[in-house]
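J.: If you scroll down you'll find the structure; I have some questions about it.
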Amino acid sequence: MAPVVPRSTDHTAVRPLDVVITDGWWAQWQRDNREATTPHALRWLERDGSVENLRGIGSGAAHRGFWFSDSDLYKTLEALSWDLARGSSEAVVAAVAELTAVIGRAQQSDGYINSYVQGGHEKRWDDLTNGHELYCIGHLIQAGVADHRSTGGGELFAIARRAADCVVRDFGEHRRPDTDGHPEIEMALVELYRVTDDRSYLTLAQQLIDVRGHGVLEPHHFGSAYFQDSTPVRDETTVVGHAVRALYLLCGVVDVYLETGERALLDSAVRQWESMHATKMYLNGAVGSRFEGEAFGDEYELPPDLVYGETCATIGNIMFSWRLLLATGESRYADSIERSLYNLFAASTSVDRLGFFYNNPAQRRSERPAAPADERPTRADAPGTRPAWFKCACCPPNIMRTVASLGGYVATHTGDGVQIHQYLPATVSAGPATLEMRTTYPADGTVELTVTDLESPQWTLALRVPDWCADPTVTVNGEPADAVRRKGYLEISHYWRVGDTVTLTLPMPARLTVPHPAADALRGTVAIERGPIVYCLESPDQEPGVDLNHVELLVDRPLNEETRDGTVVITATGVARDDSPWAGRGWATLGEQPAAGGREVTLTAVPYHLWANRGPSVMRVFIPVQ
96 MAPVVPRSTD HTAVRPLDVV ITDGWWAQWQ RDNREATTPH ALRWLERDGS
146 VENLRGIGSG AAHRGFWFSD SDLYKTLEAL SWDLARGSSE AVVAAVAELT
196 AVIGRAQQSD GYINSYVQGG HEKRWDDLTN GHELYCIGHL IQAGVADHRS
246 TGGGELFAIA RRAADCVVRD FGEHRRPDTD GHPEIEMALV ELYRVTDDRS
296 YLTLAQQLID VRGHGVLEPH HFGSAYFQDS TPVRDETTVV GHAVRALYLL
346 CGVVDVYLET GERALLDSAV RQWESMHATK MYLNGAVGSR FEGEAFGDEY
396 ELPPDLVYGE TCATIGNIMF SWRLLLATGE SRYADSIERS LYNLFAASTS
446 VDRLGFFYNN PAQRRSERPA APADERPTRA DAPGTRPAWF KCACCPPNIM
496 RTVASLGGYV ATHTGDGVQI HQYLPATVSA GPATLEMRTT YPADGTVELT
546 VTDLESPQWT LALRVPDWCA DPTVTVNGEP ADAVRRKGYL EISHYWRVGD
596 TVTLTLPMPA RLTVPHPAAD ALRGTVAIER GPIVYCLESP DQEPGVDLNH
646 VELLVDRPLN EETRDGTVVI TATGVARDDS PWAGRGWATL GEQPAAGGRE
696 VTLTAVPYHL WANRGPSVMR VFIPVQ
C-alpha cells in the first residue's frame, strides 16, 4: 500500500515496504488526520465549492473558487483511500462513496473530467499552460491508485483509469505536441502503469517529460523557466521556476528512470537535487525563496523573512527524495526527508490539526494579525496564525495524503535485508522477518528493534546514521554489534533469532549551525539544532522587554536542554540591545559606528514546528552572533 511501488526491480537499490506506525507523535497525527482533519476538510470542500462544482455540471451554476479546485477533492480522496485500509469510520467510508459517485456522474462518456471546462469556462485542452487539466487528472489518478492499493480497486479506480485512457487517446503517440503547465500527471501515469501493467501510461509519461523544455508552452508573464520549459530535462543542472512544479516534474523523471533505466534521467535528477540542497534549500526544509512565482531564486538567495517556502514544495521534496532513495539506496535522501518532515512539514499544521500554513517563514519581524475566523484567506495574506483553509487550498489535502501514507516512507527491503530510514514506533514486516521498532525519537536518540517473527535467519539489517550524528553506537542483545558503515547506514549481518533486540543510540546534543557564507541574508548568524529538530526563538518564551529583532547570541556560552510540558527546549545566553546609540541611523562609517549597549538575557528556543500556536508572535530561526 505504499504510494510508490516500482514495477521493475532492475533499477532499484531498495524496494518499498508498507510499515504500520503504532505509537508516538506520528501515530497520533495519523489518528488526528482521520478524526479531526478529515471532517474539517470535507466541510470546507463543500463550503468552498470544490464538490459543488462537480455536482453542478450541466446545471448552469457558476463555478466557485479556482479553476483547478477539482484537485483539492482528489487529494483528499487519496488521503481517505490510504486510510480505508486501516479501518476508517463508517462516516469516512460513506463520504468516499458519495464523493466518488459525484465524480462518476460528472465524468463524460469518453473519460474526460474537469468541472471548469465542463462548466463552459474553457475548451478542452485549449489552455494547457494555465488550465491545470492534466494536473487535476493526475491527482485523480493518484487517488484511484490509492483506492486500488487499499481496497483492491473500486469505482474510484475505474473513474481514474477512464480519465487516463482519455488522456492517452488525445496525447499519446504525439497526437498533441505539448504538455501541462503544472507537472503532476507524469508520476501519476507511471504509478498507474505499475498497477495495471498497461505500458501506454508509461510511454505517455515519458513523452510528456521529453517535450518539456523545448518551448511548447506559452511563456506567460513569468517566462518559460517558470514552467520548466526553457531547458530540456536531461540538460538541466539546477531546479528553476515554480518550486512545486519543478519537484513534481522531477518525481516523474525518477519514476520513468526506475521503470526504463535511462541513466540520463537519473543523472539529471541527482544534479538538480544536489544543487537544490547545496544552494537553494533552507535549514528547516523550505524550498522556493521567492513570493513572485512561488519560485526558486538564485543560488544562496535565502532571505529568512521573505522566503515563500510553500508547504507543497517541501512535500514535493519528500516525494522526490524518496524516489532517489529507492534508486540509489543512499542515506542522504532519507536525511532530507527527515529534515523536511520534522521541521517545515510539521510546522505547516497547527497542533490541533485544523489550521495550515501555505507559506512558511524562517523569520517573522512583527506580530501579524491572526488568521480570519470566518473568511477564506488567500496565500498572500501571510497571517500570524494558521488559517482553517485557503481559497487556493492545495496545501491542506496535500498534508493529509502525506500523513496518511507516511508508513510508506519508513523502511525498505532487498533480497538479503531490511533498511530502516526513519525512526518511529512501528511494525516493519519484510520477507525475512518482522521487527517491532520502539523509540521516543526525536526527543531521545535511542531506538530499539526486536525480531518478533522470522522467516529466514540470515539477513542484513541496515540502520541509517543521520548526517547530524557524529558518534552512533549499536548493540545486539546488549553486546557491541559487528556493524559495517556503508552508504550512510550501519549494516549488521547476523544469524537472527526471535527475540533478538538491536539498540541504536544516536547522541543528539544541541548544536549551533552556521549558514554558507554566500547566503548574504544569513551572514553573521547561527541556528540552533538538536537531532533532526531545527529550533527558533519565539516572542512568548522570552524575558519581558526582549525584542527578537535586536538580540545576539553569545556563542561561547553553553546551550542548555530542559523538558517543558513534554517538549525539549533549549536555553542560551544572549545580549538584548537597544538601538539608541545609532541615533536613528541605519548605517555608520566603518570604524566610527557607535558601540551598541545591551544586557545579558536568557534566550529560549523551541522546536520550529511549534511556532505560531499561541497567537501572533515574533519569531526567528537564524540569530545574529556576537
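Take any residue in the sequence shown, count from 1 to its spot, add 95: that is its number in our numbering. Backbone N, C-alpha and C define an ideal beta-carbon position, used for all residues, glycine too.
Kindly list the residues whose CB is nearer than 8 angstroms to the CB of Arg618, restricted to its own chain and excluding five residues on each side of it in sequence; keep chain order.
T.: Reading the sequence shown from its first residue, position 523 is the one you call residue 618. Pro610, Pro612, listed in sequence order.
J.: Hey, is the region 254 to 268 in contact with the region 306 to 323, meaning 3+ C-beta pairs nearer than 8 angstroms?
T.: Taking 8 angstroms as the limit for Cβ pairs, the verdict is that the region 306 to 323 does not touch the region 254 to 268.
J.: Using 10 angstroms around the beta-carbon of Glu369, count the other beta-carbons present and answer buried if the total reaches 16, otherwise exposed.
T.: Taking the first residue of the sequence shown as position 1, residue 369 is located at position 274. Exposed: under 16 other Cβ atoms inside 10 Å.
J.: Alpha carbon to alpha carbon, how far is Asp539 from Gly661? Give it in angstroms, no decimals.
T.: The sequence position of residue 661 within the sequence shown is 566, counting from 1. The sequence position of residue 539 within the sequence shown is 444, counting from 1. Going by the C-alpha atoms only, they are around 12 angstroms apart.
J.: Only counting the same chain, and skipping five residues up and downstream in sequence, which positions put a Cβ closer than 7 angstroms to that of Trp121?
T.: Numbered from 1 along the sequence shown, position 26 holds the residue referred to as residue 121. The residues are Leu501, Leu519.
J.: Using the beta-carbon count (16 or more within 10 Å), is Ala528 buried or exposed?
T.: Taking the first residue of the sequence shown as 1, we reach residue 528 at position 433. The residue in question, Ala528, is buried, as its Cβ has 16 or more Cβ neighbours within 10 Å.
J.: Is it a yes or a no for the region 698 to 709 touching the region 664 to 673, going by three-plus beta-carbon pairs under 8 angstroms?
T.: The region 698 to 709, when compared against the region 664 to 673, does touch it at the 8 angstroms Cβ threshold.
J.: What are the start and end residues of the beta strand (DSSP E) that includes Gln203?
T.: Start at 1 with the first residue of the sequence shown, and residue 203 comes out as number 108. Where Gln203 is concerned, there is no enclosing beta strand (DSSP E), given that its DSSP letter is neither H nor E.
J.: So if DSSP puts Gly669 in a beta bridge, which residue, or which two residues, is it bridged to?
T.: Locating residue 669 in the sequence shown gives position 574, where the first residue counts as 1. Looking at the DSSP assignment, Gly669 forms a beta bridge with Leu648, Val696.
J.: Is Ser712 helix, strand or coil when you go by DSSP?
T.: In the sequence shown, counting from the first residue as 1, residue 712 sits at position 617. Ser712 falls in the coil class under three-state DSSP.
J.: Rounded to whole angstroms, what's the CA-CA distance from Arg533 to Val542? Just pull it up for me.
T.: One-based indexing of the sequence shown puts residue 533 at position 438. One-based indexing of the sequence shown puts residue 542 at position 447. Spanning the two alpha carbons is a distance of roughly 6 angstroms.
J.: Buried or exposed, going by whether 16 or more other CB atoms sit within 10 Å of the CB of Tyr437?
T.: To locate residue 437, count along the sequence shown from 1; it is residue 342. Buried, since its Cβ has 16 or more Cβ neighbours within 10 Å.
J.: Is the separation between the beta-carbon of Ser164 and that of Gly144 shorter than 8 angstroms?
T.: Position 69 of the sequence shown, counted from the first residue, corresponds to residue 164. Position 49 of the sequence shown, counted from the first residue, corresponds to residue 144. In this structure, Gly144 lies closer than 8 angstroms to Ser164 by Cβ.
J.: Assign Arg474 to one of three DSSP states: helix, strand, or coil.
T.: For this step, residue 474 is matched to residue 379 along the sequence shown. Annotation note: pLDDT 49 at Arg474 (below 50); position unreliable, coordinate value reported separately. In the structure shown, Arg474 sits in a helix (DSSP, three-state: H, G or I).
J.: In terms of residue numbering, what span does the beta strand (DSSP E) encompassing Cys631 cover?
T.: To locate residue 631, count along the sequence shown from 1; it is residue 536. 628 to 633 is the extent of the beta strand (DSSP E) around Cys631.
J.: Ends of the alpha helix (DSSP H) at Ser722?
T.: What the structure shows of the chain is the stretch from 96 to 721, and residue 722 is not part of that stretch, so it cannot be assessed.
J.: Going by C-alpha to C-alpha distance, which of Gly153, Tyr343, Phe386, Pro552 sits closest to Asp275?
T.: Taking the first residue of the sequence shown as position 1, residue 275 is located at position 180. Nearest C-alpha to Asp275: Tyr343.
J.: Is it buried or exposed for Val641, if we count other Cβ within 10 angstroms and need 16 for buried?
T.: Translated into positions along the sequence shown, residue 641 becomes position 546. Flag for Val641 reads buried.
J.: Report all residues from its chain with a CB closer than 7 angstroms to the CB of Arg474; omit the five preceding and five following residues, and keep chain order.
T.: Residue 474 sits at position 379 when you count from the first residue of the sequence shown. In this prediction, Arg474 has a pLDDT of 49, which is less than 50 and means its spatial position is unreliable; what the coordinates show is noted afterwards. For Arg474, where only same-chain residues beyond five positions count, the Cβ hits under 7 angstroms are Tyr453, Asn454, Phe485, Cys487.
J.: Contact check, Ala320 vs Val335 under 8 angstroms by CB: the rounded distance?
T.: Counted from its first residue, the sequence shown places residue 320 at position 225. Counted from its first residue, the sequence shown places residue 335 at position 240. Contact holds; Cβ gap of about 5 angstroms.
J.: What are the start and end residues of each continuous beta strand (DSSP E) run of 3 or more residues lying completely inside the region 140 to 189, in chain order?
T.: None, since the region 140 to 189 contains no complete beta strand (DSSP E) of that length.
J.: The alpha helix (DSSP H) spanning Asp265 covers which residue range?
T.: Locating residue 265 in the sequence shown gives position 170, counting from the first residue. Looking at the DSSP string, the run of the alpha helix (DSSP H) that includes Asp265 is 250 to 266.
J.: So within the region 308 to 336, which uninterrupted beta strand (DSSP E) runs reach at least 3 residues, ignoring any that extend past its ends?
T.: Listed in chain order, there is nothing to give.
J.: For Val720 and Val650, which I take to be in contact (beta-carbon distance under 8 angstroms), what is that distance rounded to the nearest angstrom?
T.: Here residue 720 corresponds to residue number 625 of the sequence shown, with the count starting at 1. Here residue 650 corresponds to residue number 555 of the sequence shown, with the count starting at 1. Indeed they touch by this definition, with Cβ atoms about 5 angstroms apart.
J.: Return the bridge partner residues of Ala557 from the DSSP annotation.
T.: Sequence index remark: in the sequence shown, residue 557 carries index 462 (1-based). Beta-bridge pairing links Ala557 to Gln514, Glu586.
J.: So which of Ser445, Ala190, Thr547, Leu544 has the shortest CA-CA distance to Gly710?
T.: Residue mapping note: residue 710 aligns to position 615 of the sequence shown, counting from 1. Ranking Ser445, Ala190, Thr547, Leu544 by Cα distance to Gly710 puts Ser445 first.
J.: Near Val593, what residues of its chain come up, given a Cβ to Cβ distance below 8 angstroms and the 5 sequence neighbours on each side ignored?
T.: Within the sequence shown, the letter at position 498 stands for residue 593. Excluding sequence neighbours, Val593 sits near Val546, Thr547, Asp548, Leu549.
J.: Excluding sequence positions up to five away, which residues of its chain have a Cβ less than 6 angstroms from the Cβ of Ala255?
T.: What you label residue 255 is simply residue 160 of the sequence shown in a count that begins at 1. Leu235, Ile236, Gly239, listed in sequence order.
J.: Tell me which residue opens and which closes the beta strand (DSSP E) that Ala408 is part of.
T.: As a first step, residue 408 must be located in the sequence shown, where it is residue number 313. Here Ala408 belongs to no beta strand (DSSP E); instead the alpha helix (DSSP H) covers 406 to 423.
J.: So if DSSP puts Glu531 in a beta bridge, which residue, or which two residues, is it bridged to?
T.: Residue 531 sits at position 436 when you count from the first residue of the sequence shown. Paired residue(s): Thr522, Thr545.
J.: For the pair the region 131 to 149 and the region 185 to 201, tell me if three or more CB-CB distances fall below 8 angstroms.
T.: A contact exists between the region 131 to 149 and the region 185 to 201.
J.: Drop a sphere of 10 angstroms on the beta-carbon of Tyr590, count the other beta-carbons inside from all chains shown, and report buried for 16 or more, exposed for fewer.
T.: Position 495 of the sequence shown holds residue 590. Tyr590 should be labelled exposed.
J.: By the three-class DSSP mapping on this structure, what secondary structure does Phe440 have?
T.: As a first step, residue 440 must be located in the sequence shown, where it is residue number 345. DSSP places Phe440 in helix when its eight states are reduced to three.
J.: Beta carbon of Pro98, beta carbon of Thr507: below 8 angstroms?
T.: Residue 98 sits at position 3 when you count from the first residue of the sequence shown. Residue 507 sits at position 412 when you count from the first residue of the sequence shown. No; because the gap between Cβ atoms is not below 8 angstroms, this pair is not in contact.
J.: Any idea if Ser443 is buried or exposed, counting beta-carbon neighbours within 10 angstroms, 16 or more meaning buried?
T.: On the sequence shown, residue 443 is found 348 positions in, with the first residue counted as 1. Classification of Ser443: buried, given that the 10 Å Cβ count is 16 or more.
J.: Using CA atoms only, rank isn't needed, just tell me which of Thr224, Val646, Glu624, Ser183 is closest to Asp704.
T.: Indexing the sequence shown from 1 puts residue 704 at position 609. The sequence shown places His at residue 704, not Asp. Here the closest residue by C-alpha is Glu624.
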